[in-house]
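Structure first, commentary second.
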Amino acid sequence: MILAVFRASGRPLMQRPPHLSGGGWGRCVGGLPEVVVGMDANMPCIGLAVIARSLEASLDVLRACRRAGLALSEPFYTRVGLCFTTVVELPWYENPVEFLGRRLEGYLKRYAPDIARVRRLWGSLEWRPLDLGAVEADALGRVAVELLDSYRIPYGLPATVAEDLAGLLRSWGRRWARKYNWSLKVATGRVFTVLARLSRRHTVLVKLEKLKLGGGPAVVRRWPHSRLLKLTLGCTPAWVGVALVDPRGTSRECPACGGRLVRRSYRRLRCRGCGREWHRDAAAGANVALAPVRELLRPPRSPMSRGCPGRGESGDEATTPPSPSAAMSEMTGRLQSIMLGGQPS
Numbered sequence: 005m006i007l008a009v010f011r012a013s014g015r016p017l018m019q020r021p022p023h024l025s026g027g028g029w030g031r032c033v034g035g036l037p038e039v040v041v042g043m044d045a046n047m048p049c050i051g052l053a054v055i056a057r058s059l060e061a062s063l064d065v066l067r068a069c070r071r072a073g074l075a076l077s078e079p080f081y082t083r084v085g086l087c088f089t090t091v092v093e094l095p096w097y098e099n100p101v102e103f104l105g106r107r108l109e110g111y112l113k114r115y116a117p118d119i120a121r122v123r124r125l126w127g128s129l130e131w132r133p134l135d136l137g138a139v140e141a142d143a144l145g146r147v148a149v150e151l152l153d154s155y156r157i158p159y160g161l162p163a164t165v166a167e168d169l170a171g172l173l174r175s176w177g178r179r180w181a182r183k184y185n186w187s188l189k190v191a192t193g194r195v196f197t198v199l200a201r202l203s204r205r206h207t208v209l210v211k212l213e214k215l216k217l218g219g220g221p222a223v224v225r226r227w228p229h230s231r232l233l234k235l236t237l238g239c240t241p242a243w244v245g246v247a248l249v250d251p252r253g254t255s256r257e258c259p260a261c262g263g264r265l266v267r268r269s270y271r272r273l274r275c276r277g278c279g280r281e282w283h284r285d286a287a288a289g290a291n292v293a294l295a296p297v298r299e300l301l302r303p304p305r306s307p308m309s310r311g312c313p314g315r316g317e318s319g320d321e322a323t324t325p326p327s328p329s330a331a332m333s334e335m336t337g338r339l340q341s342i343m344l345g346g347q348p349s
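Residues in the sequence shown are numbered from 5 upward in steps of one, following our numbering.
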């Protein structure tokens, strides 16, 4: 399949593509990282795109993702290399509005009869609006209004009830945040395992969206991005580069042809130009990987640099980088074995 994509690009298989000229194969091509990874974080999933700038890197991407259990989409050729995309679902994910709304409904169902008994005293009671200083407070507010209307209770509760419920909502919000944080760590752990394997043989650069965090509920929606950035800086090897890109338009253009993406559902998009179907987060991850760097947080380093593991799979073998001619001879023999029906070693 990879060979078919390289043939479709119209370039000879036995020579380097023009944009890969210069540098040694398997290390840093033309002064640029040989493997570029783009990630887009959303509440229920992570969009992942990996761009390999050589056939050797493409084969390593396939091996590493297969070992990590990541199912890659059909690759497509971009202006910088061969791109693979996938969507990593967060295990045990639960929508925060459903998580908190279900508990709020149970609370009102239990105490609504007691509130109804004191209807005649409503005028003399101290009332407070419901404090929704919890996760997704704006969306939860609509759920709370509907629940209060269904029980014929005004949007406000007796002071003692409102104070008790506000404390419970904060506790439930912290419980959901701990659960979500653990799910995000498990999902990103699979991605970071792939990055660690690739960084033993290739120079790797990870790109993330640069978002401005303001006040209010919008912070909650962007919290996965900030958390993903902290995990990426803390859980990837020190020689893996990390950069930020402009987030504008990452879900509007087709990464394959640059056409306009139209919405078929909230998660499914379709390109008007080539007709390719996209998952919203997969398309965003690919566009992030293709976007120019706005801020470099950590520069990528070659695996052969000081302090990095060697070429061996376990990182124990320290070898010198092969010369370009030796790398080309190795690549030619591997391509010939593949074309004759053999499996790449």
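C-beta atoms are modelled at their ideal positions from N, C-alpha and C, and glycine is treated no differently.
Do you know whose CA, among the options, lies nearest residue i's CA?
| i | options | result |
| --- | --- | --- |
| A412 | R274, R204, L212, P117 | Residue 412 falls outside the range modelled here, since the chain spans only 5 to 349, and no answer is possible. |
| L136 | Y115, A148, L76 | A148 |
| E167 | A61, V292, E130 | E130 |
| L112 | R83, L151, P133 | L151 |
| G245 | P100, P259, A293, L125 | A293 |
| P100 | A290, V190, E281, K183 | K183 |
| P1 | D250, A288, K234, Y270 | Coverage of the chain is limited to positions 5 through 349, which leaves residue 1 absent and any answer about it impossible. |
| G193 | R132, L94, L36 | L94 |
| R252 | L301, N291, K234, C278 | N291 |
| P158 | P48, P133, V210, L59 | P133 |
| R114 | Y97, R57, Y155 | Y155 |
| W96 | G279, R178, C49 | C49 |
| A286 | A75, A68, L172 | A75 |
| M47 | V92, L63, C69 | V92 |
| W231 | R57, C69, L188 | The sequence shown places Arg at residue 231, not Trp. Ranking the options by Cα distance to R231, first place goes to L188. |
| S128 | G145, E102, L161 | L161 |
Across which residues does DSSP place residue i in a beta bridge pair?
| i | result |
| --- | --- |
| H283 | R272 |
| E257 | R264 |
| M43 | L52 |
| T89 | A53 |
| L76 | Answer is none; L76 lacks a bridge partner. |
| L161 | R132 |
With residue i and residue j assumed to form a contact (beta carbons below 8 Å), what rounded beta-carbon distance in angstroms separates them?
| i | j | result |
| --- | --- | --- |
| R276 | G263 | 5 Å |
| R284 | S255 | 5 Å |
| T236 | L265 | So it is not a contact: roughly 26 Å between Cβ atoms. |
| H229 | A72 | Not really, about 22 Å apart at Cβ, beyond 8 Å. |
| V208 | P304 | 6 Å |
| E78 | A61 | E78 to A61, Cβ: 18 Å. No contact. |
| L248 | K214 | 4 Å |
| E281 | R274 | 6 Å |
| L104 | W176 | 5 Å |
| V210 | V41 | 5 Å |
Given 8 Å, three or more beta-carbon pairs between the segment 111-120 and the segment 291-309: At 8 Å Cβ cutoff, the stretches do not touch.
Segment contact flag, the segment 228-246 with the segment 193-201, C-beta cutoff 8 Å, min 3 pairs: They touch, by the three-pair rule.
Unbroken stretches of the alpha helix (DSSP H), 4 residues or longer, contained in the segment 106-135: You should have found no qualifying run.
Whole runs of the alpha helix (DSSP H) within the segment 171-246, excluding any shorter than 4 residues: Runs of the alpha helix (DSSP H) inside the segment 171-246: 222-239.
contact_flag[the segment 76-91, the segment 44-57] where n(CB pairs < 8 Å) is 3 or more: Between the segment 76-91 and the segment 44-57 there are three or more C-beta pairs closer than 8 Å, enough to call the two in contact.
Any 3 or more C-beta pairs closer than 8 Å across the segment 76-84 and the segment 99-109: Verdict: no, contact absent.
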